[in-house]
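Peer 1: I have a structure I would like to understand better, so I am pasting it below and will then ask my questions one at a time.
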Amino acid sequence: MFNGKNILITGGTGSFGKAYTKILLQNYKPNKIIIFSRDELKQFEMAISFNQPCMRYFIGDVRDKERLNYAMNDVDYVIHAAAMKHVPVAEYNPMECIKTNINGAQNVIDACLENNVEKCIALSTDKACNPVNLYGATKLASDKLFVAANNIAGNKNTRFSVARYGNVVGSRGSVVPFFKKLIKEGAKELPITDERMTRFWISLEDGVKFVLNNFEIMHGGEVFVPKIPSMKITDLAHTLAPDLKTKIIGIRPGEKLHETMISSDDSHLTYEFNKYYVISPSIKFTNVKSDFSINAKGEKGQKVPDGFSYSSDNNKEWVSEQDLLDIINHTEFE
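Numbering (this note's numbering), first residue to last: 27 to 360.
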């Protein structure tokens with residue numbers, strides 16, 4: 027479905043954007059891939075690796091609606107990956123996080139509608155479910171904006187959906203490259219915030235493939251949640267450095283012990299499919315009459331039980347040490 031299409035990726039110089047671009051170029055023949063981001067050095071470096079004729083590099087910030095409008099001219103599909111994501115930094119700089127993650131989200135929506143973009147998928151996070159930190163709260167607000175945008179679209183054909191998943195192994199700023207850096211530098215111990223802590227894990231490649239698939243199965247208004255495994259942070263540290271001790275340093279500002287991707291409050295809206303869940307909209311759409319128990323490819327899901335929740339500590343699937351090593355060995359770290 028991406029052959030001959032124009033695709034724009036906000037925050038496209040990040041880990042996800044580069045991996046998404048790589049897979050698009052390997053498997054499809056897009057007319058244009060537009061990388062929209064604000065860091066000229068990262069764009070320069072990315073352009074050295076991705077210099078195919080279809081590539082376009084557009085300096086801009088999602089806070090700037092006018093610049094987004096220019097960039098989205100003749101665009102068919104948008105992946106909104108730009109965000110301020112560092113939890114403690116967001117706690118100390120709340121308005122900066124709000125400007126990017128909430129105001130920026132609305133600017134992306136407005137630009138999509140004004141340019142008659144066909145489909146837009148916004149990347150979310152497990153921290154958006156029952157948020158306790160500002161980053162999660164802004165991403166929940168962003169999720170709500172993108173879901174409601176399907177009503178705002180009116181008679182336009184533009185559709186918006188959300189992809190929510192957990193920690194990406196190898197993404198910039200995540201714990202795996204941080205631990206690997208400490209190990210390489212000869213650290214005598216690895217810092218652990220709390221020995222009980224668990225997290226969802228997904229490889230960068232699987233995250234990209236999940237979003238690619240969502241474009242084919244979306245109606246508009248859904249929040250897609252993949253079925254992915256959990257792992258204890260202590261097990262992660264032991265896998266990477268079995269001979270190193272760990273040091274408990276305490277939970278950082280805004281950090282949770284466990285992450286939830288679907289809360290029990292959303293169980294009445296949630297359908298289970300083979301490899302993912304769909305949280306259907308809590309609001310009624312005037313222009314999208316879709317049965318969210320059946321995706322756009324005709325595959326049928328089942329309603330989850332009342333009170334169902336999907337949390338990293340109650341997950342049925344856990345990452346083994348060997349599975350994690352396999353993922354790490356096949357991940358390109360920056």
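Using N, Cα and C, we set each Cβ at its ideal position, and we do this for glycine too.
1. Could you name the residues that DSSP lists as bridge partners for Arg185?
2. Quickly, what does DSSP pair Phe226 with across the bridge? List them, please.
3. Is DSSP giving Phe250 helix, strand or coil here?
4. Between the stretch 269-276 and the stretch 318-329, can you find at least three pairs of beta-carbon atoms closer than 8 Å?
5. Between Arg89 and Thr47, which are expected to be in contact by the criterion C-beta below 8 Å, what is the C-beta distance as a whole number of angstroms?
6. Between Ile275 and the rest of its own chain, which residues show a CB-CB distance below 8 Å, the 5 nearest in sequence each way excluded?
7. Start and end of the beta strand (DSSP E) containing Leu295?
8. Based on the DSSP secondary-structure assignment, which residues constitute the bridge partners of Val104?
9. For Leu160 versus Ala116, is the C-beta distance shorter than 7 Å?
10. Using CA coordinates, which residue listed in Leu50, Ser168, Gly38 and Val143 is at the minimum distance from Lys235?
11. Have a look at the DSSP bridge pairing and note the partners of Gln328.
12. Hey, how far is the Cα of Asn53 from the Cα of Lys258?
13. As a quick exercise: from Met121, Trp227 and Gly246, pick the residue whose alpha carbon is nearest that of Ile178.
14. Which of the three DSSP states is assigned to Arg93 in this structure?
15. Is it buried or exposed for Thr312, if we count other Cβ within 10 angstroms and need 16 for buried?
16. Are Val314 and Asn176 touching if we call contact CB-CB under 7 Å?
17. Can you give me the Cβ contacts of His294 inside the same chain, cut-off strictly under 7 Å, excluding the 5 residues immediately before and after it?
18. Do Glu248 and Val304 have their beta-carbon atoms positioned less than 7 Å apart in this structure?
19. Which same chain residues end up closer than 7 Å to Ala163 when comparing Cβ atoms and leaving out the 5 residues on each side of it in sequence?
20. May I ask which residues mark the beginning and end of the alpha helix (DSSP H) holding Lys323?
21. Start and end of the beta strand (DSSP E) containing Asn193?
22. One question on the structure: do Cys80 and Lys58 come within less than 7 Å of each other, judged by their Cβ atoms?
23. Taking the alpha-carbon positions, what's the Arg185 to Glu211 distance?
24. Alpha carbon to alpha carbon, how far is Ser306 from Ser337?
25. Going by CA-CA distance only, name the one from Asn129, Val194, Gly180 and Pro252 that's closest to Val188.
26. On the criterion of 16 or more Cβ atoms from any shown chain inside 10 Å, does Arg190 qualify as buried, or is it exposed?
27. Considering only the beta carbon of each residue, do Asn32 and Asp102 sit closer than 7 Å?
28. May I ask which residues mark the beginning and end of the alpha helix (DSSP H) holding Met81?
29. Quick check on Leu283: does DSSP put it in helix, strand or coil?
30. Classify Leu216 as helix, strand or coil using the three-state DSSP reduction.
31. In the DSSP assignment, what are the bridge partners of Ile60?
32. Counting along the chain, where does the alpha helix (DSSP H) carrying Lys44 start and finish?
33. Under a Cβ-count criterion, where at least 16 other Cβ atoms within 10 Å of its own Cβ denotes burial, should Pro56 be classed as buried or exposed?
34. Less than 7 Å between the C-beta atoms of Leu230 and Val194, yes or no?
Peer 2: This is what the structure holds:
1. Residue numbering aside, residue 185 sits at position 159 when the sequence shown is read from its first letter. Partner(s): Lys145.
2. In the sequence shown, the residue the question calls residue 226 occupies position 200. Looking at the DSSP assignment, Phe226 forms a beta bridge with Ser256.
3. On the sequence shown, residue 250 is found 224 positions in, with the first residue counted as 1. Three-state DSSP puts Phe250 in a strand.
4. no
5. The residue labelled residue 89 in the question sits at position 63 within the sequence shown. The residue labelled residue 47 in the question sits at position 21 within the sequence shown. No, Arg89 and Thr47 are not in contact; Cβ-Cβ is about 23 Å, not under 8 Å.
6. Taking the sequence shown and counting its residues from 1, one reaches residue 275 at position 249. Cβ neighbours of Ile275 beyond the five flanking positions: Pro217, Ile218 and Thr219.
7. Here residue 295 is taken as the residue at index 269 of the sequence shown, counted from 1. Per DSSP, Leu295 belongs to no beta strand (DSSP E) and is neither H nor E.
8. By one-based count along the sequence shown, residue 104 stands at place 78. DSSP output for Val104 lists Leu34 and Cys146 as bridge partner(s).
9. For the purposes of this step, residue 160 is taken as residue 134 along the sequence shown, with counting starting at 1. For the purposes of this step, residue 116 is taken as residue 90 along the sequence shown, with counting starting at 1. In this structure, Ala116 lies closer than 7 Å to Leu160 by Cβ.
10. As a position in the sequence shown, residue 235 is number 209, starting the count at 1. When only C-alpha atoms are compared, the closest one is Leu50.
11. Locating residue 328 in the sequence shown gives position 302, counting from the first residue. Gln328 is bridged to Glu298.
12. Translated into positions along the sequence shown, residue 53 becomes position 27. Translated into positions along the sequence shown, residue 258 becomes position 232. Cα to Cα, the separation comes out at about 35 Å.
13. In the sequence shown, residue 178 corresponds to position 152, counting from 1. Here the closest residue by C-alpha is Gly246.
14. Numbered from its first residue, the sequence shown carries residue 93 at position 67. Of the three classes helix, strand and coil, the one that applies to Arg93 here is helix, per DSSP.
15. On the sequence shown, position 286 is the one that residue 312 refers to. Classification of Thr312: exposed, given that the 10 Å Cβ count is below 16.
16. The count along the sequence shown starts at 1 and reaches residue 314 at position 288. The count along the sequence shown starts at 1 and reaches residue 176 at position 150. Yes, Cβ-Cβ distance for Val314 and Asn176 is below 7 Å.
17. Working through the sequence shown from its first residue, we reach residue 294 at position 268. Excluding sequence neighbours, His294 sits near Asp332.
18. As a first step, residue 304 must be located in the sequence shown, where it is residue number 278. As a first step, residue 248 must be located in the sequence shown, where it is residue number 222. Cβ distance < 7 Å, so Val304 and Glu248 count as in contact.
19. Taking the sequence shown and counting its residues from 1, the one referred to as residue 163 is at position 137. Closer than 7 Å at the Cβ level, and outside the excluded window around Ala163, lie Pro157.
20. Taking the sequence shown and counting its residues from 1, the one referred to as residue 323 is at position 297. Counting along the chain, Lys323 falls outside any alpha helix (DSSP H), and DSSP gives it neither H nor E.
21. Within the sequence shown, residue 193 is the residue found at index 167, counting from 1. Taken as a continuous stretch (DSSP letters only), the beta strand (DSSP E) holding Asn193 covers Asn193 to Val195.
22. Translated into the one-based positions of the sequence shown, residue 80 becomes position 54. Translated into the one-based positions of the sequence shown, residue 58 becomes position 32. Yes, they are a contact pair.
23. Reading the sequence shown from its first residue, position 159 is the one you call residue 185. Reading the sequence shown from its first residue, position 185 is the one you call residue 211. The alpha-carbon atoms of Arg185 and Glu211 are separated by roughly 47 Å.
24. Residue numbering aside, residue 306 sits at position 280 when the sequence shown is read from its first letter. Residue numbering aside, residue 337 sits at position 311 when the sequence shown is read from its first letter. Going by the C-alpha atoms only, they are around 18 Å apart.
25. For the purposes of this step, residue 188 is taken as residue 162 along the sequence shown, with counting starting at 1. Selected option, being the one with the closest Cα: Pro252.
26. Taking the first residue of the sequence shown as 1, we reach residue 190 at position 164. Label assigned to Arg190: buried.
27. As a working note, residue 32 is residue 6 in the sequence shown. As a working note, residue 102 is residue 76 in the sequence shown. Contact flag set, yes.
28. Stepping through the sequence shown from its first residue, residue 81 is reached at position 55. That residue, Met81, is in no alpha helix (DSSP H); its beta strand (DSSP E) goes Met81 to Ile85.
29. Translated into positions along the sequence shown, residue 283 becomes position 257. If DSSP states are grouped into helix, strand and coil, Leu283 belongs with coil.
30. What you label residue 216 is simply residue 190 of the sequence shown in a count that begins at 1. Correct three-state label for Leu216: strand.
31. Mapped onto the sequence shown, residue 60 falls at position 34. In the DSSP output, where bridge partners are listed per residue, Ile60 has Leu34 and Arg82.
32. Residue mapping note: residue 44 aligns to position 18 of the sequence shown, counting from 1. Note, Lys44: alpha helix (DSSP H), Ser41 to Asn53.
33. Taking the first residue of the sequence shown as position 1, residue 56 is located at position 30. So Pro56 counts as buried.
34. For the purposes of this step, residue 230 is identified with residue 204 of the sequence shown, where counting begins at 1. For the purposes of this step, residue 194 is identified with residue 168 of the sequence shown, where counting begins at 1. Yes, these two residues count as a Cβ contact at 7 Å.
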